[in-house]
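Numbering (the numbering used here), first residue to last: 27 to 124.
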Amino acid sequence: MSDFLTVSNLNKSFHIGTPDEVRVFKNFNLSSPKGEFISIIGSNGSGKSTLLNLISGTLKPDSGKIILSDRGDTSKLSESSRYKTIGRGFQNPSMGTA
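Structural data, given as structure tokens:
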């Protein structure tokens, strides 16, 4: 079975070149076969949201590739195409204020 999602050698840092530099991912790899689910769990600040933002294209990686089998490299997808392909749920969803 082929992979639906492939993340290869993903690197992402914030505040590069400053004393506050944080490396979130260094050569991170992940694959998910078609038809499978992935659950991402971890403590606060462990990189869960950053990973989802990278996969969805909201953030750009410093280097590495994120490939969706039916769409290709996510960095080359339009915003509307990314939203049609990747969804996410929030722990405490909100409908806004009344």
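Glycine included, each C-beta is placed from N, C-alpha and C at the ideal position.
### Query
How about Gly83 and Lys74: are their beta carbons less than 7 Å apart?
Translated into the one-based positions of the sequence shown, residue 83 becomes position 57. Translated into the one-based positions of the sequence shown, residue 74 becomes position 48. Cβ atoms of Gly83 and Lys74: not closer than 7 Å.
### Ser95 vs Ser28 beta-carbon contact at 7 Å
Taking the first residue of the sequence shown as 1, we reach residue 95 at position 69. Taking the first residue of the sequence shown as 1, we reach residue 28 at position 2. Yes, they are a contact pair.
### Query
Out of curiosity, what's the CA-to-CA distance linking Pro45 and Leu77?
Your numbering for residue 45 matches position 19 in the sequence shown. Your numbering for residue 77 matches position 51 in the sequence shown. Those two C-alpha atoms are separated by around 23 Å.
### Query
Looking only at C-alpha atoms, which of Lys110, Asp88, Ser106, Ile81 sits nearest to Asp99?
The sequence position of residue 99 within the sequence shown is 73, counting from 1. Considering only alpha carbons, the answer is Ile81.
### Query
Can you tell me whether Ile64 is buried or exposed, with buried defined as 16 or more other CB within 10 angstroms of its CB?
Locating residue 64 in the sequence shown gives position 38, where the first residue counts as 1. The residue in question, Ile64, is exposed, as its Cβ has fewer than 16 Cβ neighbours within 10 Å.
### Message
If you reduce the DSSP assignment to three classes, tell me which class Lys38 lands in.
### Response
The count along the sequence shown starts at 1 and reaches residue 38 at position 12. Correct three-state label for Lys38: strand.
### Query
Considering Asn79, what are the terminal residues of the beta strand (DSSP E) in which it resides?
Translated into positions along the sequence shown, residue 79 becomes position 53. Counting along the chain, Asn79 falls outside any beta strand (DSSP E), though it belongs to the alpha helix (DSSP H) covering 74 to 82.
#### Entry: Beta-carbon contacts of Glu47 that lie in its chain and below 8 Å, excluding the five residues immediately before and after
Here residue 47 refers to the residue found at position 21 of the sequence shown. Contacts found: Ser39, Phe40, His41.
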